[in-house]
């Protein structure tokens, strides 16, 4: 039986080389696209799955509701929450706290100084929670002693080359001496944790805020719970602990009108495996983790659409060729073949063809993976054919695709009656034409929908990248000051660099304007005690407004000659002005809460209002913010450079830096680079959608070309007669084009409303977004009709110009 199936399959391939090639090519491309997209979606869903206790680890999150639109979810807690909750809640067995500063820092060993991307400190339980392969040292003891540090393999090699780093001294920012107690290998499996170039022991750094639960909520805090724990059942115990430690303070903040302090602040536990895709739950944090879940559904849908188009191609071509195989069916039935035997024959041929396409698809994926790894900065290869179960699932999928794609042609072909097909009636018939037309409409409707997806995602991404942020990012140099000595000299360094002819302006600040992280609750005087508002705080220097190109809409800038401007004055943004009860807030003041029992306030005088600018992602509305003079030594210097003189200016800045800090590398970036990082996920999504759309159009075009070739073949004699009777080549070309363009037109009418609805829903996740106009829809239609004309038109023109005598003699 198997031999007969293989022989018949091979005969059919040799007899129909062109159509078999189209079928295999379409299926292979569709499968390859589906596997690549599926691999990416799988990768995104495997974050933190490799940790041994992943199902027992939970993260602490905080909810805060200050009324109105001021609702926040933080993925961090305060330093004392972890130990206290483990003591008070039996189900919480262990705790872990990590704090990370993701900026460039200097790390020194002897005379060698390197720059590292972040500095982190953590409890000694870090390596009990998360799996890291230790090359040297004991992971259970490495972070127990003060001033101990573990280094990544890359950091250790950069500092010590091939010298044994264990027990060696490294100096962080020239003021903290640390002893190396371990070296670990950075895992290649995906995790929400950042790359750790170094991790200090928790007890190394002094913390003045460890005593207050509501102080400095910036520590990533994790717990272990027994397997199968219902996290919702722990909520009452979390509420009790919060009530015990801060209930009175929260009730005081909320005032007498609140029914429960948990209405304004609450603690929650989130499973470890859900953290990476937490973008839609963590307001104000979108982009910190991975894709929004909706994006992954969108990508998964694209992969399925491409595979569906490929399967429709197969069905279309198989039914189109059914007439040419009808005589074989008639002969087989005459010789005694039953319908079930023929169904098995055709299904087996379909499965074999699908498996051949699958093997080619695997080769295409293997060749494409290095490119996609480089493009997406994700090592997708680690999950490609990584387990026997994955291989079996893919092979089973290929077989199922073959069965599904071949089931309709098999039943159509096997249904022919011997007398009918041997008389040639089926060849002259039009059975399946309507179904093929329906499939062409469906293919192009999907393709047009994907084109719309691509165009609108691209427009939104470009809108975000080019939107006026409200401040100047071009040629704005940002220098990070690495240690206290440099910070103390910042004014001298700033003055020296300002003297360079290529420097136009300069200022200092605690944060870059695209990453203002500090926030605090303030009271509005004259209102009730529960009238609290959350403001983001940006400590700056007196010349920040001018240097950053901010627009002052009311009041005045900071004046270095007025002492109170450095201590009690603030400049608010328009969002803050709208939040306050005064029509003109300049001259009024808000009150910073100093103590809670009793409640005391420090007034902050409003001296000006600046036009709103974007200091977070465009996913979020611009939040209330104020600027105040930085009272300490600022970590950032900003210089506006002359764009025509950047190379020589940077060379001079490097020279000046070496005079000030000969052992410290100059850490700098240009500000427009930092803001673009916010949209890394959107850029990835746009790239994937563009490639997916291109493949979908290619597969649809392959199918359309094959169907057009078959239609032209079937109408060869008709075309010859028309030419003999005086029809022009142009007229015949339009005749052949008309049917296909009509189908594309119907597909366009179906795809446009669906695309408009889906993409409008997607755009709602952005606070600042494009308006859907007719442009993308018209362009998608033009592209679809263009593909149809190019695909069918060339073939139609060739057929129309063929010798009519040969066409008339065609059988």
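Residue numbers (the numbering used here): 75 to 885. Built from N, CA and C at the ideal position, the CB exists for glycine as well. Keep in mind that this is a model prediction, so the values were computed, not measured.
For residue i, is the classification buried or exposed, using 16 other Cβ atoms within 10 angstroms of its Cβ as the cut-off for buried?
{"i": "residue 854", "result": "buried"}
{"i": "residue 678", "result": "buried"}
{"i": "residue 572", "result": "exposed"}
{"i": "residue 440", "result": "exposed"}
{"i": "residue 111", "result": "buried"}
{"i": "residue 237", "result": "exposed"}
{"i": "residue 349", "result": "buried"}
{"i": "residue 287", "result": "buried"}
{"i": "residue 502", "result": "Here residue 502 scores only 46 on pLDDT, less than 50, and its place in the model should not be relied on; the value that follows carries that caveat. Classification of residue 502: exposed, given that the 10 Å Cβ count is below 16."}
{"i": "residue 851", "result": "buried"}
{"i": "residue 276", "result": "buried"}
{"i": "residue 500", "result": "Its pLDDT being 48, under 50, residue 500 is placed unreliably in this model, and the value from its coordinates should be taken loosely. It counts as buried."}
{"i": "residue 709", "result": "buried"}
{"i": "residue 510", "result": "buried"}
{"i": "residue 451", "result": "exposed"}
{"i": "residue 638", "result": "exposed"}
Whose CA, out of the options, lies closest to the CA of residue i?
{"i": "residue 676", "options": "596, 764, 661, 417", "result": "596"}
{"i": "residue 627", "options": "777, 226, 659", "result": "659"}
{"i": "residue 744", "options": "250, 548, 193", "result": "548"}
{"i": "residue 537", "options": "720, 757, 656, 585", "result": "757"}
{"i": "residue 418", "options": "339, 481, 466", "result": "481"}
{"i": "residue 339", "options": "345, 824, 346, 321", "result": "321"}
{"i": "residue 258", "options": "211, 235, 220, 343", "result": "211"}
{"i": "residue 289", "options": "154, 390, 520, 632", "result": "154"}
{"i": "residue 609", "options": "644, 617, 517, 761", "result": "644"}
Tell me the rounded alpha-carbon separation between residue i and residue j.
{"i": "residue 215", "j": "residue 266", "result": "24 angstroms"}
{"i": "residue 688", "j": "residue 646", "result": "14 angstroms"}
{"i": "residue 269", "j": "residue 260", "result": "7 angstroms"}
{"i": "residue 359", "j": "residue 414", "result": "A caution first: residue 359 carries a pLDDT of 39, below 50, which makes its placement in the model too unreliable to give a value."}
{"i": "residue 274", "j": "residue 459", "result": "38 angstroms"}
{"i": "residue 297", "j": "residue 175", "result": "22 angstroms"}
{"i": "residue 363", "j": "residue 369", "result": "The predicted position of residue 363 is uncertain, since its pLDDT is 49 and thus under 50; no value can be drawn from it."}
{"i": "residue 651", "j": "residue 533", "result": "32 angstroms"}
{"i": "residue 196", "j": "residue 252", "result": "14 angstroms"}
{"i": "residue 590", "j": "residue 160", "result": "32 angstroms"}
{"i": "residue 554", "j": "residue 313", "result": "41 angstroms"}
{"i": "residue 461", "j": "residue 228", "result": "29 angstroms"}
{"i": "residue 867", "j": "residue 434", "result": "29 angstroms"}
{"i": "residue 682", "j": "residue 649", "result": "13 angstroms"}
{"i": "residue 209", "j": "residue 770", "result": "47 angstroms"}
{"i": "residue 331", "j": "residue 139", "result": "Confidence at residue 331 is low in this model, with a pLDDT of 49, below 50, so the placement of that residue should be treated as unreliable; the coordinate-derived value is given next. C-alpha separation (whole angstroms): 14 angstroms."}
{"i": "residue 865", "j": "residue 448", "result": "33 angstroms"}
{"i": "residue 96", "j": "residue 776", "result": "7 angstroms"}
{"i": "residue 301", "j": "residue 567", "result": "56 angstroms"}
{"i": "residue 133", "j": "residue 835", "result": "30 angstroms"}
{"i": "residue 373", "j": "residue 168", "result": "38 angstroms"}
{"i": "residue 351", "j": "residue 764", "result": "23 angstroms"}
{"i": "residue 94", "j": "residue 828", "result": "34 angstroms"}
{"i": "residue 849", "j": "residue 526", "result": "10 angstroms"}
{"i": "residue 741", "j": "residue 535", "result": "29 angstroms"}
{"i": "residue 621", "j": "residue 613", "result": "14 angstroms"}
Could you give the first and the last residue of the continuous beta strand (DSSP E) run that contains residue i?
{"i": "residue 155", "result": "Where residue 155 is concerned, there is no enclosing beta strand (DSSP E), although the alpha helix (DSSP H) it sits in stretches over 155-162."}
{"i": "residue 295", "result": "294-298"}
{"i": "residue 564", "result": "Looking at the DSSP string, residue 564 is not in any beta strand (DSSP E); the run it does join, the alpha helix (DSSP H), is 564-572."}
{"i": "residue 597", "result": "593-597"}
{"i": "residue 578", "result": "577-583"}
{"i": "residue 273", "result": "272-275"}
{"i": "residue 345", "result": "339-345"}
{"i": "residue 710", "result": "710-715"}
{"i": "residue 174", "result": "168-175"}
Would you give the residue range spanned by the alpha helix (DSSP H) that residue i belongs to?
{"i": "residue 728", "result": "720-734"}
{"i": "residue 301", "result": "Careful: residue 301 lies outside any alpha helix (DSSP H) and carries neither H nor E."}
{"i": "residue 650", "result": "648-653"}
{"i": "residue 201", "result": "200-203"}
{"i": "residue 233", "result": "227-234"}
{"i": "residue 916", "result": "An answer regarding residue 916 cannot be provided, because it is not within the stretch 75 to 885 covered by the chain."}
For the putative contact between residue i and residue j, defined by C-beta atoms under 8 angstroms, what is the C-beta separation to the nearest angstrom?
{"i": "residue 422", "j": "residue 773", "result": "Incorrect: roughly 24 angstroms between the Cβ atoms, too far for contact."}
{"i": "residue 116", "j": "residue 457", "result": "6 angstroms"}
{"i": "residue 388", "j": "residue 137", "result": "Contact flag wrong, Cβ pair sits at about 51 angstroms."}
Taking only beta-carbon atoms, is residue i less than 9 angstroms away from chain B?
{"i": "residue 124", "result": "Here there is only one protein chain, and chain B is not present."}
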